[in-house]
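J.: Protein chains in written order, with the numbering used here: chain A, 8 to 192; chain B, 480 to 579; chain C, 16 to 669; chain D, -10 to 513; chain E, 246 to 744.
Built from N, CA and C at the ideal position, the CB exists for glycine as well.
Keep in mind that this is a model prediction, so the values were computed, not measured.
What follows is a structure written as structure tokens; I'll ask about it next.
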Amino acid sequence: METAVFIVCAAIVLAGALGVVLARNPVHAALSLVGTLFGMAVLFLNLDAHFLAAVQIIVYAGAIVVLFLFVIMLLGVDRLEDLSVEPITGQRVLAAIVGLGTFGLAVAFLLSSDIGLSGTGPVPLTLDITDEYSNLRQIADVLFTDYVYAFEATAALLTISVVGAVVMSRRMARGDDAQEASGDD
Amino acid sequence: MVTASWYLILAAGLFTIGAVGLLVRRNPLIMFMCVELMLNAVNLTFITFGRELNDIGGQVSVFFVLVVAAAEVVVGLAIVVAINRRRPQATADDLSALRG
Amino acid sequence: MSTLVDLVWLIPAFPLAGVLILMALGRRLGEPRAGWLATAMMGGSFLATLLVFIGLVGHDGDERETVLTLFEWVPAGKLAVDIGFLADPLSITMALFVTGVGALIHLYSIGYMHGDEGFSRFFIYLNLFAFSMLMLVLGDNLLLTFLGWEGVGACSYLLISFWFTDEANASAGKKAFVTNRVGDWGFLVAMFLAFLTFGSLQYGEIFYDVESHGMAASTASAIVVLLLVGAAGKSAQFPLHIWLPDAMAGPTPVSALIHAATMVTAGVYLLTRMSPIIAEAHGWVPDLIMWVGLGTALMAATIAVAQNDIKKVLAYSTVSQLGFMFVAVGTGAYVAAIFHMVTHAFFKALLFLGAGSVIHGMDGDQDIRRYGGLARLLPITSMTFVAGWLAIAGVPPFSGFWSKDEILAYAYGENRLLWVLLLATAILTAFYMTRLVLMTFFGPPRWTDQEVGTEADEEAESASESVPEQALPYRHPHESPWTMTAPLVVLAGLAIVAGVFNLPFTSDVHFLGNWLKPSLFGNAGHLPFGGGTQWVLAIVAIVGSLGGVSAGAAVYIRRRIDPARIEHPFLARAWRIDELVTNFMGGPGRRAFERTTQFDEQVVDGAVNATGTLIRRAGTKLRVSQSGLVRSYALGIALGAVALLVWFITRAGL
Amino acid sequence: MVLPVIIFLPLVGAAAIALIAPSRSTALKPVAVATSAATGALTLWLMAAFDKHDGDFQFTQLTEWVGSAGISWHVGVDGISLFLVVLTGLLFPIAIVACDPPHDAKAYYIWMLVLETGCLGVFLALDLVLFFLFFEVVLIPMYFLIGSWGHENRKYAATKFFLFTMLGSALMLVGMLVLALLTARETGNAVTFNLLELANSAGELPTITARWIFLSFALAFAVKVPMFPVHTWLPDAHTEAPTAGSVILAGVLLKLGTYGLVRFGLYLFPEASRYFAPLLFTLGVIGILYGAVVATMQRDLKRLVAYSSVAHLGFIVLGIFSINTEGIEGGLLQMVNHGLSTGALFLLVGFIYERRHTRQISEMIGLQKAAPVLAAVFTVVMLSSVGLPGLNGFVGEFLILAGAFVAHRWWAVVAAAGVILAALYLLWAYQRVFHGTPDDANRSMPDLNWQEKLVMAPLVGLIVFLGVYPKPVIERMEPAVNALIEHMEEVEGFESPTVDDRPEGSFEELRTLKADYGDEGEGH
Amino acid sequence: MFPVFAQADIPDIQWLPLVPHLVMAGAAVVLLTIVSLAGSRLPGWFASAWTVAAGLGVLATAIPVWIRVEQWGPHSVIAGSIGVDGFSVFIIVLLACTVVLTSLVADGFLQREGLDGPAFYVLLMLSATGGITMASANNLIVLFLGLEILSLAVYVLVAMHLRRAESQEAGIKYFVLGAFASAFLLYGIALVYGATGSLNLAGIEGILQNNDLSDNGLLLAGMAMLLVGFGFKVAAVPFHAWTPDVYQGAPSPVVSYMAAGVKAAGFAALLRVFFAGFGGMAEDWQPVMFGLAIASLAVGSMLAIVQTDVKRILAYSSISHAGFILVGVQAATHDGVASVLFYLAAYAAMAIGSFAVVTVVSGPGDEGTGIDNLRGLATRRPLLAVAFTVLLLSQAGIPFTAGFWAKFEVISAAVDARSFWLAVIAMLAAVVAAFLYLRIVVAMFLDAPDPDAPRLRIPRGPALAIAIVVLFTLAFGIYPEPLLNLADDAWLNLRLVAH
């Protein structure tokens, strides 16, 4: 059962990813990204990360991708990107090398070594996943105790993004139009 | 039975696709999406390890990654919007005034 | 110890004082007082020398070396050199004629340099020269001698290029200095070797060391040969003789004092001084000295035959006579060498001063082809000149005969061939001196003058073939002032009688020989034959010189042979040696220098600048990578990541 | 203590000048002259107070400075550095008096005085890092002096000078660190850059390491000296520098290199300096001949003098690496001599330049007619530079060659030929510039004025004095030099090449001796 | 059972060590609030002054923390996620100073460029907070968050000069590459987590001490990925390419913060992870640092000498400086880290000062950053020229400047670690780099000013900042002892971070 789910979802995930990379129209890319995210969410369920599966859907599909689409619409970036030509010489060849390199090496590393050094001695794990409590509660516990600093730090992160968005979207008071005009051509 | 390796390899593949995508696409938005792909791959890795280690830390990390991803996207899109106000339809390659 | 000898420091002190005073207020003194001051200083120096001489004579025969140390000069490590004077027969003999002749020439110069704007400067140089020469002679160690050695060189440089506005004089001076430096190189290395061998440069210590411990013949030979290089440079021996003829560019008193009487004899002095080392050297070393001397003597004599510049003739004869002295040194006849040095100093100085007087009278013209018949007009000059001529020609009883005869005798004792050649040289000497005298003072004048215009003209026709220019130059010869003639007379007197210093008849009248004995440490050679042979040799020599004289008369008065056949251009051009050297220096030598300079600019410095440009180039190349395209930057990062992964996978041992 | 005062007095003067208001610009030069002169006076006092029998460091001052890195403020003077200090104290006032800057006088004097502080610091420092700091910081004032007040091509020359010398010292810094850290590791003591302590533990390091370190030092100093083939910054720097700059550059800065070779090369690396002596010897000899040959062909008078420096410094290197008393003392003496005579030469060339506005030999002729006094002074200086006995140049040269001959015979024989070439290029130059009949351009050239005579007087005086009576200098050097050699011998256990002792003798003893023999050879 | 569990993991929070963090972050938020409430009624200098105050506040609060560290020794708070030790305090102080000086530099600039408003200062302080977090993070996720906070704010700061196309171009480039690089970093964290099962640096170190993971692929791959991320932040070749473009495009004050603060934070994180975490595996990563160092030195110096824009020149020189710092890192010793800290402090001073000068000289529109704009500065503004010269010489490592001691310490660390050739190469690179500083000096002193150059206004803020850094440079150039000891102590504690 798990195997089947994995295979299907893996297929979806990869298909979506390839869609993002290959779609000439940004809108399509965004939609195939959604596909990937869904597949990912299911895989999370597969791995008993129920809470995160939900968050994945809400935050990613619900917020991020929508944001993408908004921006696409806002800017009217519907011009199709011509993927048949690559202006930078050698970019794709090297990119391919990078791809093969990264993937190949990563796989090599992954398969070469066992996770969490089982057998190489005790690992001081303080946060065992127990079956007594829900996944949500366990995360909550950790989040508000050991990771409370990180949790608070996210506040700074979000503040920055808000301020940043404001700063960047502010229209310059004077002489801006001229700037734009010059910028356009 | 699916071993952890499968998930990890899948994640690696996803990460690679994201990286390559960022290298080959010119549209900034799609480049961001590729970054999102890479982050997702990392998330998958985290959760897989978390399960293998029977450690909740992996999942918690993913939670934070999600937040970071969201914040990043906001800032990134804000910059793109600002640029497009000046130069609509600008691709990544168009922005090469600074060089040398 | 007699206090008189301790006055030796006075001898150089006088001229030095002269230099300082003249430098301070020479301009203010002006002419002629500056000249008189300088002359007075030389006179004082001469008197001091006499006092020391008397003091020495007072000493017992074997205790005639006294060293007076003033102060430490270079006390460094094992090397300890003092400013100290060695008063011994040899040095005092030298000092005597240096100061004596020097004083006379100073006196002469007052008249000769009359009206020259550099009058006081001239006497500064002259006094400075005298000082250096005396340091050379009186120094009690090689280094001090070298100080004088270089000092006289510098002074001769300054004096040759005294009339510096003329490029020729300037380069003549430079040539003299540089050529001398070549010799000095030998002297330097010889000193290093001596220092290495004896740990000292003081004559006393060196000789004591040699005497007590002896020394390796090879080392001795090396030292002597190197000293010979130095001596050849200073005494104008082949092949370093080329500077002396050019040195005649200087004022004539300079030629007389420096390039005839004193400085050029320094080489002979040095070798004589180092006789103990020569004694230790291999047998071939003295022979080398001997043959160098002979070769030089013969060559210079042949050249002198064909010269037309009165001073050039005398210059080459000087070279030739120095060759005689070297032969003497080579044959171990140190006494003869010094003897000839003294006599030569007298008559050669006389000849030069006479020539100067002639030139003075002929308004600076030096070409004997435009002389002639001057005897009547320059009586004193001509009379004294004749005395000098007979002396150098070796006609008894003039001084030259005695000294030259002694050298010939030793040559005979050494090697027959040597003797023959040397005799030939003597004959040649008589010949070309005769030529000089006849063409200058006798025969028809080859110049015109108001008073003697007509006769001069027609006689001119007869003589015109020996004159390149058809138009006869206008001259009105006149005798020189007394300041110039007086020294001539004195010198003439000396040139005539100087022979008595060292008569060969018995060892008692062999004054100079006995006098010098202590300074030679028994290294003086001895004639391997008795008085009889000596008489024969003497007669042969006399006949030879008279033959030479008469031959000269035959050619230049009766015109039995066309002089042009004798005065061969090859000889006139001094065997082309000078040209060879000049061509080499101007040709390959200069090119090599230029090559080196180019090498410095293009290769050495080029490499430096090349490195700079190379780095710049690399930078410009690298700039391309900075394309401004964000995706290629990302690619760089990704490739970097791959590279890192590869590294770490090697670490993982996969 | 007096040494810090000597070192920092010029700096104080510089500060004072910096504070002078632009309105009172006339006060600039007096202040500069006063400070440098006061410093000079102090150095003279130092020489007077110096104990000439003591081969050890005197007036030493040692206080911790950067303790954590083992760096201390450690200054002191011995016979080796004494006269370089005096030379510095002497040349700076002369250079400052001699020439006025055409513009920006304030900055000019500030830089000159900073430069003096730097030079004095180098000679007096007894801590490697302290030495390095001064050694390096000297570059900056010199850079600005050349760059701001130099001639046409000054930017190039200044930059070349800066980078070239910095390259050398960059590696030396690594060398110093390696030396200090590895020595500390070998001995187990704390890290220290104190020269004396390092010297005491010299020989602790592995031979190969020591040799590498020595090379890094030697390179830095070789560039500064400069030795063939790293000399090419010198002609440019000299030619472009203002007169005072050239004087200081030739008189003092070049000595930093040779001084370093003695103080750090020989003292810290006895074995290595002996091992590499042939190399440096050869380079020295090449420098002597090469510099002379290239000098002969120069068309620019200043360039000619610059190349003559290459030749002279070659002699000094030769002396230093003969590693015996005569050679080293000759080298040290020659440092002073070269400072005097070449400094004087540059001054004279500068005077000529001020009058004729050219350095091209071809454009000058017959100057002796126009300016006899200038010509006379030039002659004396030139002869001293040629190495005429009786003038200072000779004594040093002779000692060097004698020492070198004792150590490595054939090199010395070749090097001695350098004296011929020296005569050649200088006399030829003199002939072309001063002899001959002057043309219109040169006929009207004014002679030295009283100020210039005043400046030249002490130089000429010293040139003569040191030629006739160098003993005061030599006897103060000797103990230090002997100490150095003993140090090398005991560390390295080698015999300094020197002449073996011979019996003292004199004519009297000779006479008695011959009396014993009974005068044979006097037969017949 | 449940209550037991509940109270089991409530960590006891010792607040004192966190005060600096809170002050910095809080100041930012409060400033934001005040300005949004009070609006335009506030004087122009308010935000700047506020930031300065905040920075000084952080400095003040850092002192008790330091004392506490001296007393208790290094320890960690909040369940070991925050390390409290000399190292972190050192970096915190450094960042605080950077913030103060940057806001001084920015004063006047913002008005000149019409960028007034609190945004700049808010982002500056938040970014600094991120840096502080990175420096003291003892947990990889916390460290990652800190890095993101730092970066996000800087992305905005770089792009915020909306009138300059270059500014936004720089922003987008920095953002894309930054996100890319941090994705790698994150992947690295994940892999390390997988290998060791722990995100806590102290824990990781413990595990590495107890177990032999020397050939664990996950761990090694993780280290590789982490290095990519950090290499990007500190601008080490080959992850440097963004630096020149971003430095040139970004507003000059921002650049001074980036060069000083961001680089420092990046190196802080690098040291944290690789010493506190992977100290045991030094022989694995040392060679990598070696390579990165050489590449950065070579590329940085060689590209710098062919530039004509001062900001670009300084950007490339910052790359070669990164190479120098990596030389110290490579030593992987006590002295190494100390030298790095010293270098960071010295470099911060030079960089802020240099870019402050550029800020002043560049003129309206932040356009005049060409080297020609400096021609004859010595005659136009002597003091400014002299100050800039001091800073440049310090960058070149000339004696009696802090820069010399920085190089001295780094090289001596390398020598002590017996990597002689690296030391030699580094010094050679320094000589090459010296050429470009000379070029600027030549322009300022030896070139004539163009007559129609406008008269330079030097606002109070930048003037003050420049004065401070120049004094710092000279003071510690002449007597570096205190700073050296500080750096020394800072390292001593790092290694002993309690679990």
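Checking 8 Å against the spacing of the C-beta atoms, do I125 (chain C) and P27 (chain C) come in under that value?
T.: For the purposes of this step, residue 125 (chain C) is identified with residue 110 of the third sequence, where counting begins at 1. For the purposes of this step, residue 27 (chain C) is identified with residue 12 of the third sequence, where counting begins at 1. Result no, Cβ atoms of I125 (chain C) and P27 (chain C) do not sit closer than 8 Å.
J.: Below 8 Å, how does it come out for the segment 675 to 687 of chain E and the segment 146 to 155 of chain D: are there three or more Cβ pairs, yes or no?
T.: yes
J.: What does N384 (chain E) touch in chain D if you count any residue whose Cβ is under 9 Å from its own?
T.: As a position in the fifth sequence, residue 384 (chain E) is number 139, starting the count at 1. Identification of chain D residues near N384 (chain E) by a Cβ-Cβ cut-off of 9 Å yields none; the smallest Cβ-Cβ distance measures about 33 Å.
J.: According to DSSP, is H57 (chain A) part of a helix, a strand, or is it coil?
T.: By 1-based counting over the first sequence, the position of residue 57 (chain A) is 50. DSSP places H57 (chain A) in helix when its eight states are reduced to three.
J.: Thinking A601 (chain E) and A662 (chain E) are a contact (beta carbons under 8 Å), I'd like their distance in whole angstroms, please.
T.: As a first step, residue 601 (chain E) is located in the fifth sequence; it is residue number 356 there, counting from the start. As a first step, residue 662 (chain E) is located in the fifth sequence; it is residue number 417 there, counting from the start. With 8 Å as the limit, A601 (chain E) and A662 (chain E) do not qualify as a contact, their Cβ atoms being about 35 Å apart.
J.: Could you check where the beta strand (DSSP E) with S227 (chain C) kicks off and where it finishes?
T.: Position 212 of the third sequence, counted from the first residue, corresponds to residue 227 (chain C). Run containing S227 (chain C): none in the beta strand (DSSP E); it sits in the alpha helix (DSSP H), Y218 to H228.
J.: Against chain A, with Cβ distances strictly below 8 Å, would D626 (chain B) count as a contact?
T.: This structure cannot speak to residue 626 (chain B), because chain B is shown only from 480 to 579.
J.: Rounded to the nearest angstrom, what separates S477 (chain C) and P268 (chain C) at their Cα positions?
T.: Here residue 477 (chain C) corresponds to residue number 462 of the third sequence, with the count starting at 1. Here residue 268 (chain C) corresponds to residue number 253 of the third sequence, with the count starting at 1. Its pLDDT being 47, under 50, S477 (chain C) is placed unreliably by the model, and the measurement read from it follows with that caveat. Approximately 35 Å, taken between the alpha carbons.
J.: Please return the same chain residues whose Cβ sits closer than 6 Å to the Cβ of T176 (chain D), not counting the five positions on each side in sequence.
T.: Start at 1 with the first residue of the fourth sequence, and residue 176 (chain D) comes out as number 187. Excluding positions up to five away in sequence, the list reads S190 and E193.
J.: Run the CB neighbour count on M80 (chain A), radius 10 Å, all protein chains shown included, and call it buried at 16 or more, exposed below.
T.: Residue mapping note: residue 80 (chain A) aligns to position 73 of the first sequence, counting from 1. Classification for M80 (chain A): exposed.
J.: I'd like the list of long-range same chain contacts for L109 (chain D), defined as Cβ closer than 7 Å, with 5 residues on each side in sequence excluded.
T.: In the fourth sequence, residue 109 (chain D) corresponds to position 120, counting from 1. If we look at L109 (chain D) and ignore the five residues flanking it on each side, its Cβ neighbours are I(-5), I(-4), V74 and T77.
J.: Beta-carbon of V105 (chain A) versus every beta-carbon of chain C: anything under 8 Å?
T.: Here residue 105 (chain A) refers to the residue found at position 98 when the first sequence is read from its first residue. It does; some Cβ of chain C falls within 8 Å.
J.: Taking V444 (chain D) as the reference, give the member of D:V22, D:A3 and D:A10 with the closest Cα.
T.: Residue mapping note: residue 444 (chain D) aligns to position 455 of the fourth sequence, counting from 1. That would be D:V22, whose Cα lies nearest to the Cα of V444 (chain D).
J.: Have a look at C:L392, C:A607, C:A32 and C:G166 and flag the residue whose alpha-carbon is nearest the alpha-carbon of H491 (chain C).
T.: Locating residue 491 (chain C) in the third sequence gives position 476, where the first residue counts as 1. Among C:L392, C:A607, C:A32 and C:G166, the Cα nearest to that of H491 (chain C) is on C:L392.
J.: Using Cβ-Cβ distances below 7 Å, what residues of the segment 311 to 343 of chain D are close to chain E?
T.: none
J.: I need the boundaries of the alpha helix (DSSP H) containing P707 (chain E), first residue and last residue.
T.: Your numbering for residue 707 (chain E) matches position 462 in the fifth sequence. Where P707 (chain E) is concerned, the enclosing alpha helix (DSSP H) stretches over R705 to I723.
J.: Just mark S479 (chain C) as buried or exposed, buried being the case when its beta carbon has 16 or more other beta carbons within 10 Å.
T.: If you number the third sequence from 1, residue 479 (chain C) lands on position 464. Only weak support exists for where S479 (chain C) lies, its pLDDT of 43 falling under 50; the value from the coordinates is given anyway. Answer is exposed; the Cβ neighbour count stays below 16.
J.: Can a CB atom of chain E be found closer than 8 Å to the CB of S484 (chain B)?
T.: As a working note, residue 484 (chain B) is residue 5 in the second sequence. Chain E contact via Cβ: absent.
J.: Check the Cβ-Cβ distances between H513 (chain D) and every residue of chain C, and say whether any is below 8 Å.
T.: Here residue 513 (chain D) corresponds to residue number 524 of the fourth sequence, with the count starting at 1. Any reading at H513 (chain D) needs caution, since the residue's pLDDT is 36, under 50, leaving its predicted position unreliable; the model's value is listed next. Chain C, which has a Cβ nearer than 8 Å to the Cβ of H513 (chain D), makes this yes.
J.: To the nearest angstrom, how far is it from the Cα of P412 (chain C) to the Cα of G514 (chain C)?
T.: Position 397 of the third sequence, counted from the start, is the residue given in the question as residue 412 (chain C). Position 499 of the third sequence, counted from the start, is the residue given in the question as residue 514 (chain C). Cα to Cα, P412 (chain C) sits roughly 7 Å from G514 (chain C).
J.: Please tell me whether L94 (chain C) has its Cβ less than 8 Å away from any Cβ of chain D.
T.: Start at 1 with the first residue of the third sequence, and residue 94 (chain C) comes out as number 79. Judged by the 8 Å Cβ criterion, L94 (chain C) is in contact with chain D.
J.: Just how far apart, CA to CA, sit Q413 (chain E) and V547 (chain B)?
T.: Here residue 413 (chain E) corresponds to residue number 168 of the fifth sequence, with the count starting at 1. Here residue 547 (chain B) corresponds to residue number 68 of the second sequence, with the count starting at 1. Taking the straight line from one Cα to the other gives about 22 Å.
J.: Report the three-state DSSP secondary structure of D534 (chain B) (helix, strand or coil).
T.: Mapped onto the second sequence, residue 534 (chain B) falls at position 55. Strand at D534 (chain B).
J.: Look at the Cβ atom of H355 (chain C), then the Cβ atom of S418 (chain C), and state whether they are nearer than 8 Å.
T.: Walking along the third sequence from the start, residue 355 (chain C) turns up at place 340. Walking along the third sequence from the start, residue 418 (chain C) turns up at place 403. Result yes, Cβ atoms of H355 (chain C) and S418 (chain C) sit closer than 8 Å.
J.: Taking CB distances under 8 Å as the criterion, tell me whether F179 (chain C) reaches chain E.
T.: By one-based count along the third sequence, residue 179 (chain C) stands at place 164. Not closer than 8 Å to any Cβ of chain E, the Cβ of F179 (chain C) fails to qualify, so no.
J.: Just by C-beta distance, which residues in the segment 501 to 522 of chain B are closer than 8 Å to chain E?
T.: L501, P507, M510, F511, V514, M517, L518, A520 and V521
J.: Counting beta carbon pairs with one atom in the segment 112 to 129 of chain D and one in the segment 636 to 644 of chain E, are three or more of them shorter than 8 Å?
T.: They touch, by the three-pair rule.
J.: Which same chain residues, not among the five before or five after G379 (chain D), have their C-beta less than 8 Å away from its C-beta?
T.: On the fourth sequence, residue 379 (chain D) is found 390 positions in, with the first residue counted as 1. Answer for G379 (chain D): V453, G456 and V457, listed in chain order.
J.: Out of C:G388, C:W550, C:R385 and C:A364, point me to the one whose CA is closest to A402 (chain C)'s CA.
T.: Here residue 402 (chain C) refers to the residue found at position 387 when the third sequence is read from its first residue. Looking only at C:G388, C:W550, C:R385 and C:A364, the smallest Cα-Cα distance to A402 (chain C) is reached by C:A364.
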